[in-house]
Structures are given as structure tokens and as C-alpha cells.
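K.L.:
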Amino acid sequence: MASSTTPNPKDRNLIAVIGDEDSVTGLLLAGIGHINQHQKKNFLIVDGKTQTSVIESAFQDFTERKDVAILLINQHIAERIRPTVDRYQAAFPALLEIPSKEHPYGMSLKLC
9 MASSTTPNPK DRNLIAVIGD EDSVTGLLLA GIGHINQHQK KNFLIVDGKT QTSVIESAFQ
69 DFTERKDVAI LLINQHIAER IRPTVDRYQA AFPALLEIPS KEHPYGMSLK LC
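Mapping of the sequence shown onto this note's numbering: residues 9 to 120, in sequence order.
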């Protein structure tokens, strides 16, 4: 039996997303949007003005949350914080890089 300090995987019931406006909007329309009791959202819309530190902070927040099962991030945005993404090794939340409308998935980016 899990101890009270070990999070129960069944408590992880959210998908979080860091992405461009089109990707995030599509996922929100599909029903993934959530705001918890502390007014924390499970998504971050990134545009050309978004500072890398804001992306890093959202990534840290989403990967530390005990209610997030999957973190989706647009591949071109993951490139902006590649060292942090590459260091992430936890099983939960699962981290998936996804393409966007303007930036199709590039295998060459993953092989570098």
C-alpha cells in the first residue's frame, strides 16, 4: 500500500499542455482545460513574446503537479528549453512532444 507521501497514480487525471495558440485552443475545445482550487491552469499558450523563463517555469510546475498524468508540449517550444526537457526522466507525468500547424514534427530535431 502506498504511503501518504507517495502520490497515487490514480490521482493523476489531467493532461497539461504547453503550446502555441492553435494547439492549446484545440485541446481546450476537446475538454482538457482545468483550473484548480489555487487558480492554477493546466495550460500555457506560448507566442513569440513569451519569455523562455516563463516556459521553463510552466514546465517545472506541470511536471511537479500530482494531478497531471500527461504533459504535451509543441516540439518547437520544447527546443527552446531542450536541456530541461532532456533532463526530465520521471515516469509521471509522461512527456510527449507534439507537432503544430506551423511546425510539423521533425525527426531531425530529435536526433541532434
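Don't be surprised by glycine CBs; every beta carbon is placed ideally from N, CA and C.
(1) Can you say whether residue 97 is buried or exposed, counting buried as having 16 or more other CB atoms within 10 angstroms of its CB?
(2) Buried or exposed for residue 104, please, with buried defined as at least 16 other CB atoms from any protein chain shown within 10 angstroms of its CB.
(3) What span of residues does the beta strand (DSSP E) with residue 25 cover, start to end?
(4) Return helix, strand or coil for residue 87, following the three-state DSSP convention.
(5) Report the CB separation of residue 24 from residue 93 in whole angstroms; it is logged as a contact under 8 angstroms.
(6) Let me check one thing: in DSSP terms, what residues is residue 102 bridge-paired to?
(7) Between which two residues does the beta strand (DSSP E) holding residue 53 run?
P.N.:
With the structure as the only source:
(1) So residue 97 ends up on the exposed side.
(2) That one is exposed.
(3) Segment 22 to 27, the beta strand (DSSP E) holding residue 25.
(4) Reduced to three states, the DSSP call for residue 87 is helix.
(5) Contact doesn't hold; Cβ gap of about 14 angstroms is too wide.
(6) DSSP lists 78 as partners of residue 102.
(7) First-last of the beta strand (DSSP E) with residue 53: 51 to 53.
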